[in-house]
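*Asks:* Residue numbers (the numbering used here): 91 to 582. In this text, a Cβ means the ideal position worked out from N, Cα and C, and glycines have one as well.
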Amino acid sequence: MTTVLDVSREASPNAPPHTQSIYLLTSTSISDVEFKDPAAQSQVLVGLPQVQSIDAVHRFCDAYAATLSRVHHVLLPGGVSPLQSSLIKQLLEHIPQARLVCNGFGHALLTNATFHDGVQRAVLENAPNAPLELLRFAELPEDRVSAMADGDTVAVDVAKSEAEAPAPAAARALRVVAVKSKGQQQRRREHSQTHHPAHFTNEALFYYDDVFNALFVGHTLHRLPWLPTVLTEASRELFLPMPPPLAMQHQLSRPSPLLDTWRVLESCEDVVEALRRTPELERVLAGSYGELCGNVEDCIAGLESSSDALERLRSRLARRLSTDTSRDVHRWSIALLKRIVHEVVCTQKASEPTSSEVQEAFLCWARTDGEWGRLSTCLAHAAMVLPPSTESGEADGASSSATDSFAAHDSVPAAGESAAPEALQGTHGVELLVAVFNRKGLKGLIRTVQRETIDVQVFLAMSEEDLKKVFKATFGITKRLMLLQDELRKNL
91 MTTVLDVSRE
101 ASPNAPPHTQ
111 SIYLLTSTSI
121 SDVEFKDPAA
131 QSQVLVGLPQ
141 VQSIDAVHRF
151 CDAYAATLSR
161 VHHVLLPGGV
171 SPLQSSLIKQ
181 LLEHIPQARL
191 VCNGFGHALL
201 TNATFHDGVQ
211 RAVLENAPNA
221 PLELLRFAEL
231 PEDRVSAMAD
241 GDTVAVDVAK
251 SEAEAPAPAA
261 ARALRVVAVK
271 SKGQQQRRRE
281 HSQTHHPAHF
291 TNEALFYYDD
301 VFNALFVGHT
311 LHRLPWLPTV
321 LTEASRELFL
331 PMPPPLAMQH
341 QLSRPSPLLD
351 TWRVLESCED
361 VVEALRRTPE
371 LERVLAGSYG
381 ELCGNVEDCI
391 AGLESSSDAL
401 ERLRSRLARR
411 LSTDTSRDVH
421 RWSIALLKRI
431 VHEVVCTQKA
441 SEPTSSEVQE
451 AFLCWARTDG
461 EWGRLSTCLA
471 HAAMVLPPST
481 ESGEADGASS
491 SATDSFAAHD
501 SVPAAGESAA
511 PEALQGTHGV
521 ELLVAVFNRK
531 GLKGLIRTVQ
541 RETIDVQVFL
551 AMSEEDLKKV
561 FKATFGITKR
571 LMLLQDELRK
581 NL
């Protein structure tokens with residue numbers, strides 16, 4: 091049994107419900123088919139909330155100590171955040187039988203005082219406003235922390251005596267999927283930083299449950315299921331890649347082997363690799379809240395689409411900064427967050443557009459209480475230190491930072507209108523099809539349209555088998571594409 095626990099209000103009293111979640115996995119004996127015998131059950135906890143104050147640590151532990159009393163393993167998917175040190179320490183004091191499962195960085199951070207002090211100094215220089223009480227050394231004994239590597243397994247079932255469990259169920263285990271960042275490894279070789287121990291790398295770990303066919307990705311991906319009820323132009327399928335815990339937020343006085351500039355496309359590639367390495371995968375479970383929409387291919391398409399959009403914004407800002415001497419990260423991160431909301435999030439037309447007051451209220455919450463503030467800060471810093479991306483150069487050059495991406499929808503033919511044949515071919519045809527897909531809620535397929543340069547005429551000539559093959563479409567998506575073809579043929 092897999093249970094999702096909504097920990098939004100415990101993490102932050104200002105957070106709406108269904109903002110953060112953790113997962114409780116329970117196994118039991120064959121005789122306890124209704125999960126009513128606690129003595130026969132075994133539990134592991136996957137994920138912890140992202141807390142911003144010591145009060146949140148106390149709230150979470152007080153609220154869930156009894157619920158988690160039978161947990162024997164606490165797993166941390168993704169990278170380990172140093173800001174979770176106090177939470178981990180206090181939680182393990184409440185459940186003394188539990189062991190923490192994480193990467194080598196987390197093991198060193200929580201058990202090695204010298205390494206912890208170095209990490210703390212780096213974090214405070216990178217984020218001076220980080221609450222010091224959250225960064226305190228956990229002082230965990232080594233036998234309470236297990237460092238995992240790719241291919242390792244964590245048992246959900248705990249061995250019991252025959253008296254306790256005379257008829258045990260089939261063993262259930264979570265398999266570790268670890269992805270090494272090829273880009274980071276290359277940069278370390280270039281800067282002669284290969285002498286650092288392995289635990290200097292905060293490697294992302296993902297956990298695959300072969301019983302539930304689910305991959306736990308933690309806070310590497312972010313979704314807010316309630317977002318379309320606030321921003322009516324937002325898609326419920328939208329989710330964003332998140333910067334790792336040690337992503338740089340501004341220029342440091344000297345380089346740190348622990349911190350790295352966030353490269354959004356590299357983060358995307360790492361998560362996609364983890365998804366591709368679990369062929370039986372049916373569900374992707376995030377720490378923001380719950381299951382991502384669609385199948386694996388839908389998730390990959392959505393991740394690539396949002397990552398590309400963020401990279402285009404970063405590249406555009408980098409080009410702007412090449413002629414602007416201001417290096418105020420705070421100023422540019424606020425401007426960038428507005429662009430993210432307007433150009434990445436709010437991409438659909440709504441019968442009742444979101445009022446400016448509601449948008450401002452959401453932006454205020456996102457900056458101060460949500461993860462989006464850190465995302466925009468890390469992206470703004472990346473724009474300041476990395477050159478514009480060559481792939482988006484042509485597109486960026488065609489539009490200034492003041493261009494509103496909603497204008498693309500004005501060129502989409504509606505019923506009764508027609509488009510000139512030359513507008514359906516080549517670059518104009520591709521742009522037109524992208525705008526149509528945006529309007530029809532097919533944003534996850536846009537990357538394929540752009541990569542394969544599928545213009546409107548090519549799209550209309552595609553057969554059902556072509557649609558399945560090129561877009562890797564499910565039955566439902568294929569039918570939607572075929573209906574869209576019929577609609578376009580009538581209107582063009």
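Just tell me which of Q140, Q187, K179, I144 has its CA closest to the CA of S159.
*Replies:* The residue given as residue 159 occupies position 69 in the sequence shown. For S159, the nearest C-alpha among the options comes from Q187.
*Asks:* Return the CA-CA distance between R570 and V475, expressed in angstroms with no decimal places.
*Replies:* Here residue 570 is taken as the residue at index 480 of the sequence shown, counted from 1. Here residue 475 is taken as the residue at index 385 of the sequence shown, counted from 1. Approximately 42 Å, taken between the alpha carbons.
*Asks:* DSSP beta-bridge partners for R189?
*Replies:* Here residue 189 is taken as the residue at index 99 of the sequence shown, counted from 1. Answer is H163, bridged to R189.
*Asks:* Can you tell me the Cα-Cα spacing of Y379 and T204, whole angstroms?
*Replies:* Here residue 379 is taken as the residue at index 289 of the sequence shown, counted from 1. Here residue 204 is taken as the residue at index 114 of the sequence shown, counted from 1. Going from the Cα of Y379 to the Cα of T204 covers about 35 Å.
*Asks:* Going by other Cβ atoms of all chains shown within 10 Å of its Cβ, with 16 needed for buried, is P318 buried or exposed?
*Replies:* Translated into positions along the sequence shown, residue 318 becomes position 228. P318 comes out buried.
*Asks:* Distance, Cα to Cα, V242 vs Q449?
*Replies:* For the purposes of this step, residue 242 is identified with residue 152 of the sequence shown, where counting begins at 1. For the purposes of this step, residue 449 is identified with residue 359 of the sequence shown, where counting begins at 1. Here residue 242 turns out to be Asp, not Val, going by the sequence shown. Roughly 45 Å between the two C-alpha positions.
*Asks:* Thinking Q274 and D350 are a contact (beta carbons under 8 Å), I'd like their distance in whole angstroms, please.
*Replies:* As a working note, residue 274 is residue 184 in the sequence shown. As a working note, residue 350 is residue 260 in the sequence shown. Going by Cβ atoms, the distance from Q274 to D350 rounds to 6 Å, so yes, they are a contact pair.
*Asks:* For P335 versus G169, is the C-beta spacing smaller than 7 Å?
*Replies:* Your numbering for residue 335 matches position 245 in the sequence shown. Your numbering for residue 169 matches position 79 in the sequence shown. In this structure, G169 lies closer than 7 Å to P335 by Cβ.
*Asks:* Give a yes or no on contact between the stretch 133-144 and the stretch 111-119, applying the rule of three or more CB pairs nearer than 8 Å.
*Replies:* Touching, per the Cβ criterion.
*Asks:* How should A156 be labelled, buried or exposed, when 16 other C-beta atoms within 10 angstroms of its C-beta is the threshold for buried?
*Replies:* For the purposes of this step, residue 156 is taken as residue 66 along the sequence shown, with counting starting at 1. Classification of A156: exposed, given that the 10 Å Cβ count is below 16.
*Asks:* Looking at the strands, I want to know which residues DSSP matches up with T517.
*Replies:* What you label residue 517 is simply residue 427 of the sequence shown in a count that begins at 1. BP columns for T517 are empty, so no partner.
*Asks:* P333 and L465 look like a contact to me (Cβ under 8 Å); what is the Cβ gap, rounded to whole Å?
*Replies:* Here residue 333 refers to the residue found at position 243 when the sequence shown is read from its first residue. Here residue 465 refers to the residue found at position 375 when the sequence shown is read from its first residue. Sure, about 6 Å apart at Cβ, within 8 Å.
*Asks:* Please go through the same chain and pick out, in chain order, the residues whose beta-carbon is closer than 7 Å to the beta-carbon of E356, but skip the five residues on each side of it.
*Replies:* Locating residue 356 in the sequence shown gives position 266, counting from the first residue. Answer for E356: S271, G273, listed in chain order.
*Asks:* How should S405 be labelled, buried or exposed, when 16 other C-beta atoms within 10 angstroms of its C-beta is the threshold for buried?
*Replies:* Indexing the sequence shown from 1 puts residue 405 at position 315. Under this definition S405 is a buried residue.
*Asks:* Measuring CB to CB, does A101 end up less than 7 Å from V141?
*Replies:* Counted from its first residue, the sequence shown places residue 101 at position 11. Counted from its first residue, the sequence shown places residue 141 at position 51. Cβ distance < 7 Å, so A101 and V141 count as in contact.
*Asks:* Tell me S111's beta-bridge partners as DSSP assigns them.
*Replies:* The residue labelled residue 111 in the question sits at position 21 within the sequence shown. Note: S111 sits in a beta bridge opposite D96.
*Asks:* If I follow the unbroken beta strand (DSSP E) through Q133, where does it start and stop?
*Replies:* Translated into positions along the sequence shown, residue 133 becomes position 43. It spans 132-136 - the beta strand (DSSP E) in which Q133 sits, taken as one unbroken run.
*Asks:* Identify whether A525 lies in helix, strand or coil by the three-state DSSP scheme.
*Replies:* One-based indexing of the sequence shown puts residue 525 at position 435. Helix.
*Asks:* Grab me the residues of T467's own chain with a C-beta within less than 7 Å of its C-beta, minus the 5 sequence neighbours each way, in chain order.
*Replies:* Residue numbering aside, residue 467 sits at position 377 when the sequence shown is read from its first letter. Here the set comprises Q339, V419, S423.
*Asks:* CA-CA distance, P107 and F296?
*Replies:* The sequence position of residue 107 within the sequence shown is 17, counting from 1. The sequence position of residue 296 within the sequence shown is 206, counting from 1. For P107 and F296, the distance between alpha carbons rounds to 25 Å.
*Asks:* Taking the alpha-carbon positions, what's the D398 to D556 distance?
*Replies:* Residue numbering aside, residue 398 sits at position 308 when the sequence shown is read from its first letter. Residue numbering aside, residue 556 sits at position 466 when the sequence shown is read from its first letter. Looking at the two C-alpha atoms, the distance is approximately 24 Å.
*Asks:* With burial defined as no fewer than 16 other Cβ atoms inside 10 Å of the residue's Cβ, what is the status of A331: buried or exposed?
*Replies:* Looking up residue 331 in the sequence shown gives position 241. What sits at residue 331 in the sequence shown is Pro, not Ala. Buried, since its Cβ has 16 or more Cβ neighbours within 10 Å.
*Asks:* By DSSP, does L264 sit in helix, in strand, or in coil?
*Replies:* Within the sequence shown, the letter at position 174 stands for residue 264. Correct three-state label for L264: strand.
*Asks:* I believe L311 touches F329 by the beta-carbon criterion, under 8 Å. Please report the beta-carbon distance rounded to the nearest angstrom.
*Replies:* On the sequence shown, position 221 is the one that residue 311 refers to. On the sequence shown, position 239 is the one that residue 329 refers to. Yes, L311 and F329 are in contact; Cβ-Cβ is about 5 Å, under 8 Å.
*Asks:* Nearest-angstrom Cα distance between S441 and R326?
*Replies:* Working through the sequence shown from its first residue, we reach residue 441 at position 351. Working through the sequence shown from its first residue, we reach residue 326 at position 236. Whole-angstrom Cα-Cα distance: 16 Å.
*Asks:* Round the Cβ separation of S479 and E401 to the nearest angstrom and send it over; I've been treating them as touching at under 8 Å.
*Replies:* Taking the sequence shown and counting its residues from 1, one reaches residue 479 at position 389. Taking the sequence shown and counting its residues from 1, one reaches residue 401 at position 311. Correct: roughly 6 Å between the Cβ atoms.
*Asks:* Can you tell me whether C358 is buried or exposed? The criterion is at least 16 other CB atoms within 10 Å of its CB, across all chains shown.
*Replies:* Within the sequence shown, numbered from 1, the residue matching residue 358 stands at position 268. So C358 ends up on the buried side.
*Asks:* Of the choices M91, V244, D360, S111, whose alpha-carbon is the least far from that of I120?
*Replies:* Here residue 120 refers to the residue found at position 30 when the sequence shown is read from its first residue. That would be M91, whose Cα lies nearest to the Cα of I120.
*Asks:* Give the DSSP-derived three-state secondary structure of H148 in the structure shown.
*Replies:* Residue mapping note: residue 148 aligns to position 58 of the sequence shown, counting from 1. Of the three classes helix, strand and coil, the one that applies to H148 here is helix, per DSSP.
*Asks:* According to DSSP, which residues form a beta bridge with L330?
*Replies:* What you label residue 330 is simply residue 240 of the sequence shown in a count that begins at 1. BP columns for L330 point to H312.
*Asks:* Taking DSSP as the reference, what is the three-state secondary structure of R367?
*Replies:* On the sequence shown, residue 367 is found 277 positions in, with the first residue counted as 1. DSSP places R367 in coil when its eight states are reduced to three.
*Asks:* Looking at L222 and L200, is the spacing between their C-beta atoms short of 7 Å?
*Replies:* Mapped onto the sequence shown, residue 200 falls at position 110. Mapped onto the sequence shown, residue 222 falls at position 132. In this structure, L222 does not lie closer than 7 Å to L200 by Cβ.
*Asks:* Contact check, L393 vs V307 under 8 Å by CB: the rounded distance?
*Replies:* Indexing the sequence shown from 1 puts residue 393 at position 303. Indexing the sequence shown from 1 puts residue 307 at position 217. Not really, about 10 Å apart at Cβ, beyond 8 Å.
*Asks:* Rank V191, L225, P139 by C-alpha distance to the C-alpha of A239 and give the top, closest one.
*Replies:* Walking along the sequence shown from the start, residue 239 turns up at place 149. Closest by alpha carbon: V191.
*Asks:* Are the CB atoms of F549 and I536 nearer to each other than 7 Å?
*Replies:* Counted from its first residue, the sequence shown places residue 549 at position 459. Counted from its first residue, the sequence shown places residue 536 at position 446. Not closer than 7 Å, so no.
*Asks:* Taking Cβ positions, are V520 and T543 nearer each other than 7 Å?
*Replies:* Here residue 520 refers to the residue found at position 430 when the sequence shown is read from its first residue. Here residue 543 refers to the residue found at position 453 when the sequence shown is read from its first residue. For V520 and T543, yes; Cβs fall inside 7 Å.
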